[in-house]
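**Q** These protein sequences, in sequence, are chains C and S. So that you can map any letter, position 194 of the first sequence is 1409 in my numbering, and since no number is skipped, the others follow by simple counting. So that you can map any letter, position 39 of the second sequence is 52 in my numbering, and since no number is skipped, the others follow by simple counting. My questions will all concern the structure given below.
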Amino acid sequence: MDDEVIIGLEIHCQLNKLNSKLFCGCSTKHHEAEPNTHTCPVCLGLPGALPVINKKAVEYTIMVGLALNCQIAEHTQFYRKNYYYPDLPRGFQITQYDYPIAADGIITVDTDGHERTIRIRRVHMEEDPGRLVHQGSIETSKFVLVDYNRSGMPLIEVVTEPDLRSPKEARRFINKLRNILEYLDVFDGSLPGALRVDANISLRGGARAEVKNISSYKGVERALLFEISRQQNMKRRGVKVVQETRHYDDERNCTITLRSKEQAEEYRYFPEADLVPLSVSGWQHALKEKLPELPDAKRERFKGQYGISDNHAKVLTAEIRVANYYEYVASKIDPLLAATWVADYLKGELNYRDRDIRDAFGPDKMVYILQQFRSGVITDKGAVEVIRTLLDEGVSPNGEPRSEPQDVIRNKNLARVESDVTRTACAEVLKENVAAIADFRSGKAQALNYLVGMVMKKTRGRADPAEVNLLLRELLECT
Amino acid sequence: MITEKDVEHIGSLACVDLTDQETELFAKQFNSILEYFKELDGVNTENVEPTYHVIGLTNVFREDVADESLPQEAALANTAKKEKGFIKGPRIV
């Protein structure tokens, strides 16, 4: 287990915020569409069709390059990468080769307890191939079904240096990249097929395997863990790891070797004569002006402006939607209180449900809940209950409109009980728990906690625990 | 020098089956073409940038506007085998 693990990633992200494909005017909005309904002579590879570059795709790629601290190339151009595969109707993919649009960047990734700098080798543009649907698994299917709706979708490929040292670090790197792209508003990572990863993995001193076809965020860590243990097992048995391309099977969670014929990486790249070269480095100054505040800068600003902890600032700025949500809440109510409730409670409840902040209720409702909590109408337990109820109602399939927080407070009877009700409950609990009183009097402080718990139970969480504590002490002293 | 083995290899990359006669013929033809292009080796190209494109244009773009696509029947018109709107192809691994 002491082998040092070396991982480099090639991450393909669809620039799915664009309206049209990379080289033709077919719409990029085909996720719900019938197969082969978003195609034209260009993306079907019909003879004589002429590709023309989508200007905005180039702007987006330069923005990504700048956000990843890359150098933008003076001269950049496209190449044909030749191979035969049913997803590629022309027999070649239009991509970039020795003049990528951006290169030599870095981003930092938080790993356990410290930050690491990961070098970015290059960022280039290319077209997505079509989508293949296999009947059964890739090994056993008799034929493939091909949908060219995806053919020609604008992709960027981000290639790292082999700087990552664990599957967890790789996952964090990918999350950070996704978050940066979503900050730039060039990418929506929640759409199917938006992100695909190829990973190069080796144990220090051994040959590397390239694992292709990782297509989910969770799949990255799983595929890498599988591949590392495969290589470790081989090493332990004294078998040499050979350099090869392996295919990740998400359903079975393993990597399989592809026949060597498919590995002949002779792509015979040559310049794409149908596209003229690009000279766009001059755009970078104007685009730099347009770059939004990025996660690291926002994290520092949040700490300074709102006085929140580094950890809260990190959680709140990772995703742009969470950051915007927080800033709305913090503009209406104490920013420290807002940080705790958005970062810890709301984010925690969303993570537990494996959901996105887009599926949560609006920030105005969060403000209302916190106002009710602050003014003592509901307890913190009550506030959590409102959040949970609203989130759970959000997924109800009957299409009913979500409740307002005030409805939940009323319907679930969450309003904090009046002091005299609390006092009655305290008195009843004392009557019912004589043993605990004796424990308390004999110096066992935790007996009081037990009694507070019993009162909270009796009032179904609607009493204020601090008030209960005081009342119990008062009652215990005068009896 | 292009050998018959090179021709077979190029044929397999292009997914083309070649007969022995074709392989022999193409090897000869490749070699005569390369022989002809050897003329260029006599030209001094030191300090000359490679030519990637001959028309001297740069930066030809289109705006990011979505147009009409082909109807599905038209997209599938040239395929021999189809199924449920997909093009059906042979297994690939």
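For each residue, glycine too, the CB sits at the ideal point set by N, CA and C.
Based on the DSSP secondary-structure assignment, which residues constitute the bridge partners of C/Lys1427?
**A** C/His1462
**Q** Exposed or buried, what is S/Asn57 when buried is set at 16 or more other beta-carbons lying within 10 Å of its beta-carbon?
**A** Exposed: under 16 other Cβ atoms inside 10 Å.
**Q** May I ask which residues mark the beginning and end of the beta strand (DSSP E) holding C/Gln1520?
**A** Not the beta strand (DSSP E): C/Gln1520 falls in the alpha helix (DSSP H), residues 1510-1521.
**Q** Using only the alpha-carbon positions, how far apart do C/Ser1158 and C/Arg1516 sit?
**A** With chain C covering 1216 to 1694 only, the question about residue 1158 of chain C has no answer from this structure.
**Q** For C/Lys1476, is the classification buried or exposed, using 16 other Cβ atoms within 10 angstroms of its Cβ as the cut-off for buried?
**A** Residue placement at C/Lys1476 is flagged as unreliable, the pLDDT there being 47, under the threshold of 50; the coordinate-derived value follows with that caveat. Label assigned to C/Lys1476: exposed.
**Q** Restricting to runs no shorter than 3 residues, where is the beta strand (DSSP E) found entirely within the stretch 1304-1350 of chain C?
**A** Complete beta strand (DSSP E) runs here, min 3: 1307-1310, 1317-1326, 1329-1342, 1346-1349.
**Q** Please name the residue in C/Ala1488, C/Leu1233, C/Ile1333 whose C-alpha comes closest to that of C/Thr1212.
**A** Residue 1212 of chain C falls outside the range modelled here, since chain C spans only 1216 to 1694, and no answer is possible.
**Q** Does C/His1500 come within less than 8 Å of chain S when only Cβ atoms are used?
**A** no
**Q** Does the beta carbon of S/Leu107 come closer than 8 Å to any beta carbon on chain C?
**A** Since the first and last residues shown for chain S are 14 and 106, residue 107 of chain S lies out of range.
**Q** If you compare alpha carbons, which of C/Pro1492, C/Cys1239, C/Pro1315, C/Val1426 is closest to S/Val67?
**A** C/Pro1492
**Q** Please confirm if the stretch 1365-1382 of chain C is in contact with the stretch 1220-1239 of chain C, defined as three or more CB-CB distances below 8 Å between the two stretches.
**A** Yes: the two stretches touch, three or more of their Cβ pairs being nearer than 8 Å.
**Q** Taking only the alpha-carbon atoms, compute the straight-line gap between C/Tyr1482 and C/Gln1308 and give it to the nearest angstrom.
**A** Using only the alpha carbons, I get a separation of about 10 Å.
**Q** Are the beta-carbon atoms belonging to C/Gly1345 and C/Asp1302 less than 8 Å from one another?
**A** Here C/Gly1345 is near C/Asp1302, since their CB atoms are less than 8 Å apart.
**Q** Go to C/Gln1446, then tell me how far its alpha helix (DSSP H) extends in each direction, as first and last residue.
**A** 1432-1451
**Q** Please list, in chain order, the residues of the stretch 35-63 of chain S that have any C-beta partner in chain C closer than 8 Å.
**A** From the stretch 35-63 of chain S, no residue has a Cβ closer than 8 Å to chain C.
**Q** What does S/Val73 reach in chain C if we use C-beta pairs closer than 8 Å?
**A** Val1267, Ile1268, Leu1490, Val1491
**Q** Cutting at 7 Å between CB atoms, please list the residues of its own chain near C/Pro1377, excluding the five before and the five after it.
**A** Non-local C-beta neighbours of C/Pro1377 in its own chain, meaning closer than 7 Å and more than five positions away in sequence, comprise Ile1221, Ile1222, Gly1223, Asn1415, ordered along the chain.
**Q** By the 10 Å Cβ neighbour count, where 16 or more other Cβ atoms means buried, how is S/Met14 classified, buried or exposed?
**A** exposed
**Q** Kindly give me the distance between the Cβ atoms of C/Gln1311 and C/Met1340, rounded to whole angstroms, as I take these residues to be in contact under 8 Å.
**A** 6 Å
**Q** For S/Thr101, return the contacting residues in chain C, with the cut-off set at a CB-CB distance below 8 Å.
**A** First, the amino acid is wrong: residue 101 of chain S is Lys here, not Thr. Those are Phe1358, Val1359, Leu1360, Val1361, listed as they occur along chain C.
**Q** Report the residue from C/Val1435, C/Asp1549, C/His1500, C/Phe1238 whose alpha carbon sits nearest the alpha carbon of C/Gln1586.
**A** C/Asp1549
**Q** Could you tell me whether the Cβ of C/Lys1628 comes closer than 8 Å to any Cβ of chain S?
**A** Checking the sequence, you will find Asn at residue 1628 of chain C rather than Lys. Output row for C/Asn1628: interface = no.
**Q** Nearest CA to the CA of C/Leu1379: which residue from C/Ala1409, C/Ile1335, C/Glu1247, C/Ala1422?
**A** C/Ile1335
**Q** So, C/Leu1565 versus C/Gly1597, is the Cβ gap smaller than 8 Å?
**A** no
**Q** Does the structure place the stretch 1488-1503 of chain C close enough to the stretch 1520-1534 of chain C that three or more beta carbon pairs sit under 8 Å?
**A** no
**Q** Mind pulling the alpha helix (DSSP H) runs of 4 or more residues that sit fully within the stretch 1501-1584 of chain C?
**A** Whole alpha helix (DSSP H) segments, 4+ residues: 1510-1521, 1525-1533, 1535-1545, 1550-1554, 1562-1567.
**Q** Does DSSP classify C/Gly1223 as helix, strand or coil?
**A** strand
**Q** Can C/Gly1240 and S/Ala40 be called in contact, C-beta distance under 8 Å?
**A** Contact flag unset, no.
**Q** Going along the chain, which residues of its own chain have a beta-carbon closer than 6 Å to the beta-carbon of S/Phe43, five neighbours each way excluded?
**A** The residues are Ile15.
**Q** So C/Thr1254 contacts chain S; which residues on that side make the cut at Cβ distance below 7 Å?
**A** Residues of chain S passing the Cβ test: Ser82, Leu83, Ala88.
**Q** Would C/Val1338 and C/Val1348 qualify as a contact pair, given that the criterion is a beta-carbon distance under 8 Å?
**A** no
**Q** Shorter than 8 Å from the beta carbon of C/Ser1494 to some beta carbon of chain S?
**A** For C/Ser1494, the nearest beta carbon of chain S is closer than 8 Å to its own beta carbon.
**Q** Chain A partners of C/Val1348, CB-CB under 9 Å?
**A** Absent here is chain A; the protein component of the structure consists of chains C and S.
**Q** Please classify C/Thr1637: does DSSP put it in a helix, a strand, or coil?
**A** helix
**Q** Please work out which residues of its chain come closer than 7 Å, Cβ to Cβ, to C/Ala1282, disregarding the five sequence neighbours upstream and downstream, and give them in chain order.
**A** Ile1395, Leu1399, Leu1506, Leu1509
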